[in-house]
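So the sequence shown is numbered by the working numbering: it starts at 95 and just counts up by one.
From the three backbone atoms N, C-alpha and C, an ideal C-beta is built for every residue, glycine too.
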Amino acid sequence: MLRKLTGLASALIATTAHASVPPVTSENRINGTNTYCFSAMGDKKPIFISLTLLQGPRRDAYVQYNNGAKIRLKYSYYRNITLKGEKFKNYRYVYDEIINKKMTGFYSFYLYGDGLSVFNYVHREGPQEYFFFPDYGAAKASPPASLCDWSKSDLLDGDESK
């Protein structure tokens, strides 16, 4: 039940956020890889996270916080969230977070037409939910190509309204 309510709330937020946040396109990937950089403001400081889709959205994936250890994400399901009359198809993909062989939370990302726009995390034990948005500055990384360059994050330029 919590997953359904969270999914509904997330879809509403993602739909409204999509109007103001440009999608992550191939231009926002790190050097053409399937790794995407996202960031959000935490309680007191920014949270940086990269998402790596191994072979497309319907396969397992990985997330990395601040270029730390990789956390495995197991593909769970997707839903078509395209509204009637929309030009492009829109989807929500859900992945289970697996730590020490246990499901500890889940991640969702929203695919709008040609790119990702919103990425969120919900912890299994509580109502904690984080919404991450594309971090264009961090995606402009130099080798190694699979890491986001958080020193160039959009959240570090002093304008945290992005």
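**OP:** Please check the pair tyrosine 156 and isoleucine 165, which I expect to be a contact at CB under 8 Å, by giving their CB distance rounded to whole angstroms.
**Re:** Counted from its first residue, the sequence shown places residue 156 at position 62. Counted from its first residue, the sequence shown places residue 165 at position 71. Contact holds; Cβ gap of about 7 Å.
**OP:** Mind checking which residues open and close the alpha helix (DSSP H) that includes glycine 231?
**Re:** The sequence position of residue 231 within the sequence shown is 137, counting from 1. Taken as a continuous stretch (DSSP letters only), the alpha helix (DSSP H) holding glycine 231 covers 230-233.
Original post:
What's the gap between the Cα of tyrosine 185 and the Cα of tyrosine 130?
Top reply: Within the sequence shown, numbered from 1, the residue matching residue 185 stands at position 91. Within the sequence shown, numbered from 1, the residue matching residue 130 stands at position 36. Cα to Cα, the separation comes out at about 17 Å.
**OP:** To the nearest angstrom, report how far apart asparagine 128 and tyrosine 206 are at their CA atoms.
**Re:** The count along the sequence shown starts at 1 and reaches residue 128 at position 34. The count along the sequence shown starts at 1 and reaches residue 206 at position 112. One C-alpha to the other measures close to 16 Å.
Subject >> Span of the beta strand (DSSP E) around proline 140 >> reply: The residue you call residue 140 lines up with position 46 of the sequence shown. Its beta strand (DSSP E) spans residues 140-147.
**OP:** Evaluate phenylalanine 182 with the Cβ neighbour count: other Cβ atoms within 10 Å of its Cβ, from every protein chain shown; 16 or more gives buried, anything less gives exposed.
**Re:** One-based indexing of the sequence shown puts residue 182 at position 88. Exposed, by the Cβ-count rule.
**OP:** Name the one or two DSSP bridge partners that cysteine 242 has.
**Re:** As a first step, residue 242 is located in the sequence shown; it is residue number 148 there, counting from the start. According to DSSP, which records beta bridges pairwise, cysteine 242 is partnered with nothing at all.
Subject >> Close beta carbons around leucine 249, own chain, < 6 Å, minus the five adjacent residues each side >> reply: As a first step, residue 249 is located in the sequence shown; it is residue number 155 there, counting from the start. Within the same chain, leucine 249 has close Cβ partners Ser133 and Pro140.
**OP:** Identify every residue that forms a DSSP beta bridge with serine 133.
**Re:** Translated into the one-based positions of the sequence shown, residue 133 becomes position 39. Note: serine 133 sits in a beta bridge opposite Phe142 and Phe227.
Original post:
Any idea which residues DSSP pairs glutamine 158 with across the strands?
Top reply: Looking up residue 158 in the sequence shown gives position 64. Glutamine 158 pairs with Ser144 and Lys164.
**OP:** On a CA-only basis, which of Leu167, Tyr224, Phe203 and Pro221 is nearest lysine 195? Give me that one, please.
**Re:** Residue mapping note: residue 195 aligns to position 101 of the sequence shown, counting from 1. Ranking Leu167, Tyr224, Phe203 and Pro221 by Cα distance to lysine 195 puts Leu167 first.
Original post:
According to the neighbour-count rule (16 or more other Cβ atoms, all chains shown, within 10 Å of its Cβ), is isoleucine 143 buried or exposed?
Top reply: Translated into positions along the sequence shown, residue 143 becomes position 49. The residue in question, isoleucine 143, is buried, as its Cβ has 16 or more Cβ neighbours within 10 Å.
Original post:
What is the DSSP secondary structure of leucine 177, counted as helix, strand or coil?
Top reply: Numbered from its first residue, the sequence shown carries residue 177 at position 83. Here leucine 177 sits in coil by DSSP.
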